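Chains as they are written, first to last, in this note's numbering: chain A, 1 to 330; chain P, 1 to 330. A virtual CB, placed ideally from N, CA and C, is assigned to each residue, including glycine. From a predicted model like this one, the values you see are computed outputs, not experimental measurements.
Protein chains: 2
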Amino acid sequence: MKAAELDVLAVGNAIVDVISHASDAFLAERALAKGGMALINEATAEALYAEMGPGVEISGGSAGNTIAGVAAFGGRGAFIGKVRDDTLGDIYRHDLRSLGVRFDTPPARTGLATARCLILVTPDAERTMNTFLGACTVLEEADIDEALVASAGITYLEGYLFDLPPAKAAFRKAAAAARAAGRKVALTMSDSFCVHRHHQEFLDLIAKHIDILFANEDEIRALYGTEDIVEAMRIAARHSDIVAVTRSAAGALLAGNGELVEVPASRVEAVVDTTGAGDLFAAGMLYGLSRGLSLQDCGALGCAAAGEVISHVGARPQSDLKQLLALTAA
Amino acid sequence: MKAAELDVLAVGNAIVDVISHASDAFLAERALAKGGMALINEATAEALYAEMGPGVEISGGSAGNTIAGVAAFGGRGAFIGKVRDDTLGDIYRHDLRSLGVRFDTPPARTGLATARCLILVTPDAERTMNTFLGACTVLEEADIDEALVASAGITYLEGYLFDLPPAKAAFRKAAAAARAAGRKVALTMSDSFCVHRHHQEFLDLIAKHIDILFANEDEIRALYGTEDIVEAMRIAARHSDIVAVTRSAAGALLAGNGELVEVPASRVEAVVDTTGAGDLFAAGMLYGLSRGLSLQDCGALGCAAAGEVISHVGARPQSDLKQLLALTAA
Numbered sequence: 001m002k003a004a005e006l007d008v009l010a011v012g013n014a015i016v017d018v019i020s021h022a023s024d025a026f027l028a029e030r031a032l033a034k035g036g037m038a039l040i041n042e043a044t045a046e047a048l049y050a051e052m053g054p055g056v057e058i059s060g061g062s063a064g065n066t067i068a069g070v071a072a073f074g075g076r077g078a079f080i081g082k083v084r085d086d087t088l089g090d091i092y093r094h095d096l097r098s099l100g101v102r103f104d105t106p107p108a109r110t111g112l113a114t115a116r117c118l119i120l121v122t123p124d125a126e127r128t129m130n131t132f133l134g135a136c137t138v139l140e141e142a143d144i145d146e147a148l149v150a151s152a153g154i155t156y157l158e159g160y161l162f163d164l165p166p167a168k169a170a171f172r173k174a175a176a177a178a179r180a181a182g183r184k185v186a187l188t189m190s191d192s193f194c195v196h197r198h199h200q201e202f203l204d205l206i207a208k209h210i211d212i213l214f215a216n217e218d219e220i221r222a223l224y225g226t227e228d229i230v231e232a233m234r235i236a237a238r239h240s241d242i243v244a245v246t247r248s249a250a251g252a253l254l255a256g257n258g259e260l261v262e263v264p265a266s267r268v269e270a271v272v273d274t275t276g277a278g279d280l281f282a283a284g285m286l287y288g289l290s291r292g293l294s295l296q297d298c299g300a301l302g303c304a305a306a307g308e309v310i311s312h313v314g315a316r317p318q319s320d321l322k323q324l325l326a327l328t329a330a
Numbered sequence: 001m002k003a004a005e006l007d008v009l010a011v012g013n014a015i016v017d018v019i020s021h022a023s024d025a026f027l028a029e030r031a032l033a034k035g036g037m038a039l040i041n042e043a044t045a046e047a048l049y050a051e052m053g054p055g056v057e058i059s060g061g062s063a064g065n066t067i068a069g070v071a072a073f074g075g076r077g078a079f080i081g082k083v084r085d086d087t088l089g090d091i092y093r094h095d096l097r098s099l100g101v102r103f104d105t106p107p108a109r110t111g112l113a114t115a116r117c118l119i120l121v122t123p124d125a126e127r128t129m130n131t132f133l134g135a136c137t138v139l140e141e142a143d144i145d146e147a148l149v150a151s152a153g154i155t156y157l158e159g160y161l162f163d164l165p166p167a168k169a170a171f172r173k174a175a176a177a178a179r180a181a182g183r184k185v186a187l188t189m190s191d192s193f194c195v196h197r198h199h200q201e202f203l204d205l206i207a208k209h210i211d212i213l214f215a216n217e218d219e220i221r222a223l224y225g226t227e228d229i230v231e232a233m234r235i236a237a238r239h240s241d242i243v244a245v246t247r248s249a250a251g252a253l254l255a256g257n258g259e260l261v262e263v264p265a266s267r268v269e270a271v272v273d274t275t276g277a278g279d280l281f282a283a284g285m286l287y288g289l290s291r292g293l294s295l296q297d298c299g300a301l302g303c304a305a306a307g308e309v310i311s312h313v314g315a316r317p318q319s320d321l322k323q324l325l326a327l328t329a330a
């Protein structure tokens with residue numbers, strides 16, 4: 001097998017975040033489920049946007065945030081996702097490419113606009129997400145470049161793709177191509193509601209295709225129907241080499257090579273906006289794995305990157321993550 | 001004279017900021033004058049954008065930031081400025097209206113896109129601005145609604161408008177309409193290069209039309225050709241009721257009612273991005289003046305609002321400025 005040309009290829013929804021501060025009352029009045037991600041249509045997106053406060057526009061999307069983080073560590077990354085040929089699409093492409101991430105998926109020339117996620121950050125720094133998927137709905141199998149997949153050490157897939165049938169097919173093609181090339185496949189569960197929506201399919205996929213699994217506590221509980229996180233991780237570890245479970249302020253639990261490793265969260269002076277915490281944890285882990293670091297060190301990089309991203313508004317790193325490499329034993 | 005329906009009407013360039021981190025070397029390689037504002041054309045804007053890092057898009061523009069700040073204090077504000085009927089223009093309008101600011105200037109239906117300012121923030125938190133004025137170049141006299149001007153206690157004008165002949169005519173119309181209605185006219189000098197570009201016109205304008213003058217040290221020195229700030233303020237005070245000079249970390253000097261008042265800068269834990277400091281200082285001052293506060297209290301609100309905005313990325317407040325009112329004696 002040829003050495004991997006890229007460290008990580010991420011496949012996900014290409015979404016521009018519109019981040020705004022909101023009160024708990026604002027959420028309650030609109031029956032928005034705090035901390036969750038809801039899919040909304042264009043009309044609902046426009047109505048909510050008209051009511052919400054001033055926004056900050058930043059490229060986002062779960063896998064997009066992760067690959068931005070991998071690049072900020074110095075990793076070689078690529079992204080597959082669908083934007084429209086519009087202003088937000090141009091911004092999205094610029095923001096990834098400017099980090100050195102390859103992003104060559106052709107934009108949609110017709111149809112819905114580039115996706116946006118209206119993110120309401122409450123005073124407790126929790127984010128509530130409302131996503132209009134727009135052009136992401138036309139990501140399809142043909143967008144998966146198998147040679148690109150084969151060139152990446154790890155192909156990382158976001159669970160949210162399962163919300164769209166054509167994206168789901170793209171997802172399966174990417175996973176199969178990676179396996180066929182002898183590469184690793186990583187998956188993030190994305191959201192416990194997403195797990196509920198696609199429960200059996202996730203179980204099958206993990207059993208057959210996933211080498212590296214990312215989840216938070218709610219997601220892995222929902223997946224294996226048990227309150228016991230360690231028990232759930234043990235089940236997942238029958239299929240996947242590495243299982244990483246994030247636990248917010250409690251850090252992360254990692255299972256791999258028969259070990260169970262506990263990693264503390266990074267100390268953060270003030271938590272400003274939790275958007276992207278899980279995505280950046282995955283970035284640190286994936287970068288570490290691509291460099292052959294120990295599970296403990298991979299977890300430390302993940303927690304440190306998550307700590308950076310929750311200390312400011314926005315789900316992508318604002319500082320050079322290479323300085324975090326000093327945290328590792330390497 | 002009728003009581004003012006609005007506290008402040010701001011007239012300025014409607015610009016979306018694209019904020020990115022950059023090294024000093026990046027500026028040096030491109031001969032970008034650190035700390036300044038350069039006007040660039042569309043081709044230069046595209047070339048620079050392609051080279052710069054990932055951006056955060058936030059509505060900006062000097063007078064736009066100021067009126068956003070006035071609204072964040074609880075003031076009643078309106079804005080006159082020109083966007084295109086495009087995505088960034090929609091974002092700009094949303095962001096002001098969502099704060100309760102009236103913004104009814106019709107967008108341009110043809111021609112150049114909504115203006116953007118590519119802002120490079122160096123590790124010392126200094127911002128270097130590169131502005132493509134786009135649709136702002138077609139703001140004209142017809143866009144000045146004299147009834148709106150007459151309804152505002154203070155009409156606030158940004159000096160940058162002098163860079164565009166049609167905007168300059170709009171500026172003069174607004175100043176004349178405010179004076180005719182017995183209202184106050186405020187001006188910010190905007191930039192010392194802008195002062196150099198329009199030196200005699202600024203001198204004439206201030207002598208004839210300006211009640212409240214905002215400048216920083218460089219600007220007022222450039223205007224009156226003296227190194228002595230207090231001397232320069234004394235000259236300005238012959239024409240204007242209030243002269244406010246900002247001095248970065250040294251706070252502000254205010255002249256009015258025959259007094260000279262010194263206001264210390266707010267203590268800020270970490271200066272992250274100085275973009276908008278002067279704009280938010282003006283917001284606090286204008287809000288205070290609209291409420292009849294003392295010069296000292298107006299300055300305290302200005303410095304506190306500037307302190308808030310330099311503690312995060314972006315030139316508009318991220319927190320409720322009403323809490324700063326506790327700083328005043330009122």
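CB-CB under 7 Å to residue 261(A), same chain, minus the five flanking residues each way: which ones, in chain order?
Apart from sequence neighbours up to five positions away, the residues of its chain that approach residue 261(A) with a beta-carbon distance below 7 Å are 254, 295, 296, 299, ordered along the chain.
Which residue from 153(P), 306(P), 101(P) puts its Cα closest to that of residue 274(P)?
Relative to the Cα of residue 274(P), the nearest Cα in the group 153(P), 306(P), 101(P) belongs to 306(P).
Tell me which same chain residues have a C-beta within less than 6 Å of the C-beta of residue 68(A), skipping the five on either side of it?
99, 316
Counting only Cβ pairs nearer than 8 Å, list the residues of chain A close to residue 95(P).
54, 55
Given that residue 313(P) touches chain A, what residues does it touch there, using C-beta distances under 9 Å?
Simply 56, 312, 313, 314, 318.
If you reduce the DSSP assignment to three classes, tell me which class residue 192(P) lands in.
Here residue 192(P) sits in helix by DSSP.
To which residues of the same chain is residue 192(P) closer than 6 Å at the C-beta, ignoring the five residues directly before and after it?
If the five residues before and after residue 192(P) are omitted, its C-beta is found closer than 6 Å to the C-beta atoms of 218, 219, 222, all from its own chain and listed in chain order.
By the 7 Å beta-carbon criterion, what residues does the stretch 82-94 of chain P contribute toward chain A?
Within the stretch 82-94 of chain P, the residues whose Cβ lies closer than 7 Å to any Cβ of chain A are, in chain order, 86, 87, 88, 91, 94.
Does the pairing of the stretch 99-112 of chain A with the stretch 234-251 of chain A give three or more beta-carbon distances under 8 Å?
With a cut-off of 8 Å on Cβ pairs, the stretch 99-112 of chain A is not in contact with the stretch 234-251 of chain A, counting fewer than three such pairs.
Ignore the nearest five residues each way along the sequence and tell me which others in residue 35(A)'s own chain have a CB closer than 7 Å to its CB.
126, 128
Do residue 159(A) and residue 190(A) have their C-beta atoms closer together than 7 Å?
In contact: residue 159(A) and residue 190(A) (Cβ atoms closer than 7 Å).
Let me make sure I understand the geometry here. Which of 182(A), 167(A), 288(A) has the alpha-carbon closest to that of residue 147(A)?
182(A)
Validate contact between the stretch 53-71 of chain P and the stretch 157-172 of chain P using beta carbons, cut 8 Å, 3 pairs:
yes
So within the stretch 196-239 of chain A, which uninterrupted alpha helix (DSSP H) runs reach at least 4 residues, ignoring any that extend past its ends?
199-209, 217-224, 229-236
Could you check which residue in 116(A), 244(A), 268(A) has the C-alpha nearest to that of residue 257(A)?
244(A)
Quick test of your reading: residue 301(A) and residue 327(A), contact by CB under 8 Å. State the CB separation rounded to the nearest angstrom.
Contact between residue 301(A) and residue 327(A) holds: CB atoms are separated by about 7 Å, below the 8 Å threshold.
Taking only three categories from DSSP, how would you classify residue 90(A)?
helix
For residue 2(P), three-class secondary structure by DSSP:
Looking at residue 2(P) - three-state DSSP - the assignment turns out to be coil, as it is neither helix nor strand.
How many Å lie between residue 19(A) and residue 321(P) at the Cα?
19 Å
If contact is defined by three or more beta carbon pairs under 8 Å, each pair taking one atom from either stretch, is the stretch 77-89 of chain A in contact with the stretch 5-23 of chain A?
yes
Is the CB of residue 23(A) under 7 Å away from at least one CB in chain P?
Output row for residue 23(A): interface = no.
For the alpha helix (DSSP H) holding residue 313(A), just list the boundary residues, first then last.
Premise fails: residue 313(A) is in no alpha helix (DSSP H) and is neither H nor E.
Beta-ladder partner(s) of residue 130(A), from DSSP:
38(A), 118(A)
Chain P beta carbons: is any one of them nearer than 7 Å to that of residue 62(A)?
no
Measuring only between beta-carbons, confirm whether residue 248(A) sits less than 7 Å from chain P.
no
Using a cut-off of 9 Å between C-beta atoms, extract the partners of residue 9(A) located in chain P.
Those do not exist, as residue 9(A) stays about 19 Å from chain P at its closest Cβ, beyond 9 Å.
Quick check on the burial criterion: 16 or more other C-beta atoms within 10 angstroms. Buried or exposed for residue 267(A)?
Residue 267(A) is exposed by the Cβ-count criterion.
From 241(A), 138(A), 287(A), residue whose alpha carbon lies closest to that of residue 210(A):
241(A)
Thinking C-beta only, is residue 96(A) closer than 7 Å to residue 79(A)?
yes
Label residue 54(A) either buried or exposed according to how many other C-beta atoms from any shown protein chain fall within 10 Å of its C-beta, with 16 as the threshold for buried.
buried
Within the 7 Å Cβ cut-off, does residue 98(A) reach chain P?
yes
Using a Cβ cut-off of 7 Å, pull out every chain P residue sitting near residue 59(A), in sequence order please.
54
Who does residue 20(A) pair with in a DSSP beta bridge?
DSSP, once it has assigned bridges, lists 120(A) as partnering residue 20(A).
Inspect the CB distances between the stretch 23-41 of chain P and the stretch 129-137 of chain P and report whether three or more fall short of 8 Å.
yes
Can you name the residues of chain P whose CB is closer than 8 Å to the CB of residue 49(A)?
94
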